[in-house]
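In the UniProt record's numbering, the protein residues as written are 1 to 415. Every residue, glycine too, gets a C-beta built ideally from N, C-alpha and C. Contents: one structure, followed by commentary.
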Amino acid sequence: MMIAGAASVTEQVCRSCGGSHIDTFLKLGTTPLADRLPVSVDDDQEEPAFPLNVAFCCDCSLVQITETVNPRILFADAYPYYSSFSQALLRHSRDNARDLIERRNLDANSFVVELASNDGYLLKNYVEAGIPVLGIDPAEGPAAAADKIGVPTRLAFFSRELAEKLRQQKMRADVIHANNVLAHVADTNGFVAGIARLLKDDGVAVIEAPYVEPMIDHCEFDTIYHEHLCYFSVTALDKLFRRHGLYLNEVKHLSIHGGSLRLYVEMREHVGASVTNQIAHERARGIDAIDYYLDFSATVDKLKVELSTLLHRLKASGASIAAYGAAAKGATLINTVGIGRDLVDFVVDRNTHKQGKHMPGQKIPIRSTEALLEAQPDYVLVLAWNFLDEIMEQQAEYRARGGKFIVPVPNPRIV
1 MMIAGAASVT EQVCRSCGGS HIDTFLKLGT TPLADRLPVS VDDDQEEPAF PLNVAFCCDC
61 SLVQITETVN PRILFADAYP YYSSFSQALL RHSRDNARDL IERRNLDANS FVVELASNDG
121 YLLKNYVEAG IPVLGIDPAE GPAAAADKIG VPTRLAFFSR ELAEKLRQQK MRADVIHANN
181 VLAHVADTNG FVAGIARLLK DDGVAVIEAP YVEPMIDHCE FDTIYHEHLC YFSVTALDKL
241 FRRHGLYLNE VKHLSIHGGS LRLYVEMREH VGASVTNQIA HERARGIDAI DYYLDFSATV
301 DKLKVELSTL LHRLKASGAS IAAYGAAAKG ATLINTVGIG RDLVDFVVDR NTHKQGKHMP
361 GQKIPIRSTE ALLEAQPDYV LVLAWNFLDE IMEQQAEYRA RGGKFIVPVP NPRIV
């Protein structure tokens, strides 16, 4: 895949196996970039927008979008996502690090690398334990934030070439973390090949990625956006890793982000029952075949109509509506459903880097979470529904005053 200076390219073959048998099963139209937040609602500059279509590879079972936007447009230009603003994600990451320190007997002689390390949210747990680390991330703002808290970070996209340079500098890793990044990389095979070169012979790559099964079963179509190029099954992942001399030896299911997988990948093959059972489960459910995905488009259309109808009915009754979470999934939801400023007055988010800006496409203003108590809207549409429990706990006072939440997926409901 060659993108060079182009804004985007439409893929004709599978991102993983290179096969040409890719069948499109969902078309979400042309949408703006989910993390490109306009500063001004009056900005005359046209927002970049690209087709958002999802396809299934009949050769290796990988679900993927067919348009690749230049990564430098997506991630290196004022990228607004900072992991540390979510307390749930911080707890999740701390537990992950502590578990690995214990399981792998990591100490001051070990070396841990994180790919797409963001603002140091995970690696800081190793730093506190006296374990040497290196973060690799292409986004200048989050990388600078990581450096500031003592997490050394290299400002770069991870690739096989960078892995070779680090290997030559004798910087091979005992543990490589890659959380919610494998699905984001344009060169899927180059990224995995880089992991194989950087990992010690007895090391482990611990990778977290969204799982395709709950996305389809729970109609989580809003997790589809241009940054997310792939939606993985264990079947597709096993084939991808083996292509590069790596072995998926263990898999754990996680509830975070609407349903994710934690993958333990090593240079040596000792595949456990968690992997073989999951592949058998996917075969039994048909997740490795196109038929499983064919009804998804109709399910998505039904949800979009139900949500739009609910919001219009509430608005017509005189209710005021705000939204919570200027997340990428929220951008997909509002732009594909057509939720504009006529329905939602404003969006709140804890991320100070997003406040004062606007949601892509619909230009809904983004404010701090304090705005919910100041305005006390009747309803709040939860765009970041993957952190619903955290949000409801955080907004206990808003709820005590009579405020209600609208959860959009898997079926629009009021809580």
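Coarse secondary structure for residue i, derived from DSSP in three states
| i | result |
| --- | --- |
| V39 | coil |
| L26 | strand |
| Q64 | strand |
| P51 | strand |
| I8 | Residue 8 is actually Ser in this sequence, not Ile. DSSP places S8 in strand when its eight states are reduced to three. |
| R399 | helix |
| N249 | strand |
| F158 | coil |
| I73 | helix |
| T336 | helix |
| V348 | strand |
| V407 | strand |
| A384 | coil |
Cut-off 7 Å between Cβ atoms - residues of its own chain near residue i, not counting five sequence neighbours on either side
| i | result |
| --- | --- |
| I207 | A178, L182, L263 and V265 |
| L100 | L106, V175 and V206 |
Of the residues the options, the one placed nearest residue i, counting alpha carbons only
| i | options | result |
| --- | --- | --- |
| V380 | L343, R160 and N351 | L343 |
| I131 | A146, V151, H281 and Y121 | V151 |
| K27 | F56, T188 and S317 | F56 |
| G29 | S255, T336, D345 and P412 | T336 |
| F158 | A196, A146 and L123 | A196 |
| S40 | D137, I366, A236 and A384 | I366 |
| V54 | F221, H353, T369 and T276 | F221 |
| D187 | R15, V409, A284 and L155 | R15 |
| S20 | R36, C60 and A34 | C60 |
Cβ distance (whole Å) where residue i is taken to contact residue j below 8 Å
| i | j | result |
| --- | --- | --- |
| M359 | A328 | Contact flag wrong, Cβ pair sits at about 11 Å. |
| residue 416 | I136 | Past the boundaries of the shown model lies residue 416; the chain is included only from 1 to 415, so the question cannot be answered. |
| L373 | V382 | At roughly 17 Å, the Cβ-Cβ gap does not stay under 8 Å, so L373 and V382 are not in contact. |
| R341 | Q376 | Wrong, their Cβ atoms sit about 19 Å apart, outside the cutoff. |
| P32 | P48 | 7 Å |
| A193 | H244 | 5 Å |
Beta-carbon contacts of residue i that lie in its chain and below 8 Å, excluding the five residues immediately before and after
| i | result |
| --- | --- |
| Y247 | F241, V265, E266, M267, R268, E269, H270 and V271 |
Close beta carbons around residue i, own chain, < 6 Å, minus the five adjacent residues each side
| i | result |
| --- | --- |
| P142 | Y82, N118 and D119 |
| Y293 | F25 and F56 |
| L261 | A209, Y211 and V251 |
| A108 | G130 |
| I406 | Y379, L381 and I414 |
Within-7 Å CB hit, residue i to chain C
| i | result |
| --- | --- |
| T188 | Absent here is chain C; the protein component of the structure consists of one chain. |
* Considering only residues of the region 268-328, which uninterrupted alpha helix (DSSP H) runs meet the minimum length of 4 residues and lie entirely inside it, listed in chain order? -> Counting only runs of 4 or more, we get 273-285 and 296-316.
* **Whole runs of the alpha helix (DSSP H) within the region 204-244, excluding any shorter than 4 residues** => Assignment of alpha helix (DSSP H) within the region 204-244, counting only whole runs of 4 or more residues, yields 212-217 and 234-242 in chain order.
* Taking only runs of the alpha helix (DSSP H) that begin and end inside the region 105-166, which ones reach a length of at least 4 residues, in chain order? -> Those alpha helix (DSSP H) runs which fall completely within the region 105-166 and span 4+ residues are 123-128 and 140-148.
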